């Protein structure tokens, strides 16, 4: 069973997009699309494998059109690292 934490998901809504910096009300916790992170058919990855992304950046990573697979994984990983840092800075994670 994958790890779930509503507190983490809700906290991310207050962050800017970790890719573009946008704060337009569309920022959410974008889960990893990688199987290694618990992603499966109809199953989201663990809630600790999230990135703060706006709708546009989330779509860019998920729709597979603008970036190749390597670029999508790298962009998401960078956004994830930034998001985890913010979660510690805001003391959501202690």
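Numbering (the numbering used here), first residue to last: 2 to 95.
Ideal placement from N, C-alpha and C gives every residue a C-beta, glycine not left out.
In this text, all values refer to a predicted model and were calculated from it rather than measured experimentally.
* Asked: residue 54 bridges to which residues according to DSSP?
  -> Looking up residue 54 in the chain shown gives position 53. According to DSSP, residue 54 bridges with 29.
* Asked: Is any beta-carbon of chain C found at less than 8 Å from that of residue 68?
  -> Within the model displayed, chain C is absent; a lone protein chain is all it includes.
* Contact check, residue 74 vs residue 55, beta carbons under 8 Å -> Position 73 of the chain shown, counted from the start, is the residue given in the question as residue 74. Position 54 of the chain shown, counted from the start, is the residue given in the question as residue 55. Their beta carbons are not under 8 Å apart, which means residue 74 does not touch residue 55 by this criterion.
* Asked: CB-CB under 6 Å to residue 58, same chain, minus the five flanking residues each way: which ones, in chain order?
  -> For this step, residue 58 is matched to residue 57 along the chain shown. Counting only Cβ-Cβ distances below 6 Å, and skipping sequence neighbours, we find 18, 20 and 21.
* Asked: For residue 44, which residues does DSSP report across the bridge?
  -> One-based indexing of the chain shown puts residue 44 at position 43. Residue 44 pairs with 41.
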